[in-house]
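Trainee:
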Amino acid sequence: MLAQQRQQAILERVRGAGGVRVADLVRELGVSDMTIRRDLEVLAERGLLEKVHGGATALGPGSTEEPGFTAKSARQQPEKELIARRAARLVRPGTAVALSAGTTTWALAQHLIGVPELTVITNSVPVADVFHRNPRADRTVVLTGGVRTPSDALVGPVAVAAIRRLHVDTLFLGVHGMSVRAGYTTPNLLESETDRELVTAAHRLVVPADHTKWNTIGISTIAELTEADVVISDAGLPEDARMELAERVGELIIAEGSQ
């Protein structure tokens, strides 16, 4: 195995597991301890991982890191399900709702398939697919056009133009992160522009976001914390975050198991 191939294998192992030990890599790749340490040094110098005593770990997420939809959908599944179930209670029959891209809004879509006379606006391919696979004659689904992102959002000028003349009762906004300083953020510049247009189009803004989103910051702000009428999170949300959100948003809802 060439050095470049070996280093790529190491990097994939680190990204998949979050970290590796030198001893494990020596055994798996069949090379010397010194070779592995040299490989880790090269990868660390390139800013691809962080060397630690006895091995290496993955770097923390950057403000522009955008995991794919499949990777994100595997995270915090129980929390997202609770949040989605609680968010669905805010949707009345005969209304127009917008669902931005995200794995929590995708979970929400599955709780809305039985709501009659619903109009759904979305820039999410997976969200649109949920409704496509569960058709109703009294439902209208509008999927915006645009350029597809790693998180399966349709973004850019085409999406913005499609949304600009629309008006919805409620927007459920999926976010990469939220904080007092940065508000609700995304790691994708084009997605933030599209999401801001969705915020403008909505009478009510609901942000369904699990506790891991707190103090995570993407490169671009979609909206300030105070712009949300409702934030729905889970029991893992820290007490300081609850206090900050309670002071700044219209309503903070903690979705718990009994709901």
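In this note's numbering, the protein residues as written are 218 to 476.
Idealized CB from N, CA, C, for every residue including glycine.
For clarity, every value in this text was computed on a predicted model and none was experimentally measured.
#1: Is the separation between the beta-carbon of residue 224 and that of residue 256 shorter than 7 Å?
#2: CB residue 314 to CB residue 387, shorter than 7 Å?
#3: I'd like the list of long-range same chain contacts for residue 259, defined as Cβ closer than 7 Å, with 5 residues on each side in sequence excluded.
#4: Based on the DSSP secondary-structure assignment, which residues constitute the bridge partners of residue 468?
#5: Between the C-alpha atoms of residue 207 and residue 239, what's the straight-line distance to the nearest angstrom?
#6: Should residue 311 go down as buried or exposed, given a rule of 16 or more other Cβ atoms within 10 Å for buried?
#7: Run through DSSP, which three-state label would residue 461 get?
#8: Return the first residue and the last residue of the beta strand (DSSP E) that residue 268 is part of.
#9: So which of 307, 408, 303, 435 has the shortest CA-CA distance to residue 397?
#10: How would you write the range of the beta strand (DSSP E) that residue 385 sits in, first residue to last?
#11: Using a threshold of 7 Å, state whether the C-beta atoms of residue 472 and residue 330 are closer than that.
#12: Using a 10 Å radius around the Cβ and a threshold of 16 neighbouring Cβ atoms, would you call residue 455 buried or exposed?
#13: For residue 357, which of helix, strand or coil comes out of DSSP?
#14: Just the Cα atoms here: how many angstroms apart are residue 345 and residue 377?
#15: Which residue spans inside the segment 301 to 365 form an unbroken beta strand (DSSP E) run of at least 3?
#16: In three-state DSSP terms, what is residue 439?
#17: Pick helix, strand or coil for residue 371, following the three-state DSSP scheme.
Mentor: Straight from the coordinates:
#1: yes
#2: yes
#3: 224
#4: 447
#5: In this structure the chain extends from 218 to 476, so residue 207 is not present and cannot be described.
#6: exposed
#7: helix
#8: 267 to 269
#9: 435
#10: 385 to 389
#11: no
#12: exposed
#13: strand
#14: 17 Å
#15: 313 to 316, 336 to 339, 357 to 360
#16: strand
#17: strand
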